[in-house]
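Chemist:
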Amino acid sequence: MPHARWQVLRHDAVLFPGSCKLKTAAEDFSVVPPFEIRSGAEQRVPFLFNSPHSGRHYPERFLAMARLDRNAIRRSEDCYVEELFGGAVPLGAPLLAANFPRAYLDVNREPWELDPRMFAEPVPSFCNIRSARVAGGLGTVPKLVGEGLDIYPGRLPLAEAVARIEAVYKPYHETLKRLLTRTHARFGYAVLIDCHSMPAGIRVGDNGVRPDFIIGDRFGISASPALTEMAISLLVGMGYTVAHNKPYAGGFITEHYGRPARHLHALQVEVNRGLYMDERTFRKSAGFDALAGDLTRFSADLMSMPDHHFVDLPLAAE
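Using our numbering, the letters of the sequence shown map in sequence onto residues -3 to 314.
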């Protein structure tokens, strides 16, 4: 191991009280894997589902760093989203699900979208420190959860961010890219459905309507128009209120992987948490099972779209 890399891991170490063992970010998920692929014996459709913000494993080392309790730190979590969309797996589509929490690391950001105010040392010059997401405290290593709650009592060692990116962020995206590449090679195109949830209080438009879903396609750039139209139509047909791109058009994952001209499509789906859970207690509500059933039907209908909607596109689509 090169000396510089060894220094990163060594300075990342945190000593638990009463313990003689040094633990690092690389060991935070030594028992529970940082993420997992849920799939059947064979992938039967050119669709891949992704749930990057629903992780619920909070490493003790991470909690020891934080100033928030176990409930407050969950306020940015897309609770149970991997379960809501889990019905896609028996239909033949893989689902990539995070176990690491969004408060620990956000893979729906650029790899080096870091807030220099968070760290004891200067961040590298190649970091994106001026994005709107960094300004809002929601970079790759988030500063805040929920409605503006600081995660940490003070600055972190820069090596902490580097270690999380190396140990979790990069392997996650390598896995996602490999799944998409394999899907594209087998079927001639690939469709990524990026699954998220949003606070119940979200309002859109001049009338302040509360949407049940928001479909994001980066304002028409990341996916076939037919896919977006079908997604909205299916949900509206089930009786849901659906918004398009506002206030969520899709994050880094949708933007980075959506390349319709190359037959790679990415669509973000945001579900209102008020439909299926109590945001205060984090418990599932009576509507959970019905919503999960609707999303299974939604997924099945999307996956039945004819191939020409995904491959017969003008080059200008990108």
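The beta carbon of each residue, even a glycine, is placed where N, CA and C say it ideally should be.
#1: Just reading off the alpha helix (DSSP H) that Phe319 is part of, what are its end residues?
#2: Considering just the uninterrupted stretch of the beta strand (DSSP E) at Asp190, what are its terminal residues?
#3: Under three-state DSSP, which class holds Gly212?
#4: Phe215 to His192, Cα distance in whole Å?
#5: How would you label Thr277, buried or exposed, when you count the other beta carbons within 10 angstroms and need 16 or more for buried?
#6: Let me make sure I understand the geometry here. Which of Gly246, Val265, Ala282 and Pro221 has the alpha-carbon closest to that of Leu309?
#7: Apart from the five residues just before and just after Lys17, which ones in its own chain have a Cβ nearer than 7 angstroms to its Cβ?
#8: Using DSSP bridges, identify the partner residues of Arg255.
#9: Taking C-beta to C-beta, are His259 and Val187 nearer than 7 angstroms?
#10: With DSSP run on the structure shown, which of helix, strand or coil describes Val238?
#11: Do Glu117 and Leu154 have their C-beta atoms closer together than 7 angstroms?
#12: With distance defined between alpha-carbon atoms, name the residue in Glu106, Gly133, Asn104 and Ala128 nearest to Phe115.
#13: Tell me the rounded alpha-carbon separation between Gly270 and Val77.
#14: Three-state secondary structure (DSSP) at Glu32?
#15: In terms of alpha-carbon separation, which member of Gly197, Thr20, Pro29 and Pro42 lies closest to Leu176?
#16: Could you have a look at Val164 and say whether DSSP puts it in helix, strand or coil?
#17: Kindly identify the DSSP beta-bridge partner or partners of Glu225.
Modeler: Reading off the structure:
#1: Outside the displayed range of the chain (-3 to 314) lies residue 319, so it cannot be described from this structure.
#2: Ala186 to Met194
#3: strand
#4: Taking the straight line from one Cα to the other gives about 18 angstroms.
#5: Using a 10 angstroms sphere on the CB of Thr277, the tally of other CB atoms stays under 16, which defines it as exposed.
#6: Pro221
#7: Confidence in Lys17 is poor, its pLDDT being 41 and thus under 50, which makes the residue's placement unreliable; the coordinate value appears in the next sentence. No residues qualify anywhere along the chain.
#8: Leu260
#9: In this structure, Val187 does not lie closer than 7 angstroms to His259 by Cβ.
#10: For Val238, the three-state secondary structure derived from DSSP is strand.
#11: yes
#12: That would be Gly133, whose Cα lies nearest to the Cα of Phe115.
#13: 13 angstroms
#14: strand
#15: Pro42
#16: helix
#17: Answer is none; Glu225 lacks a bridge partner.
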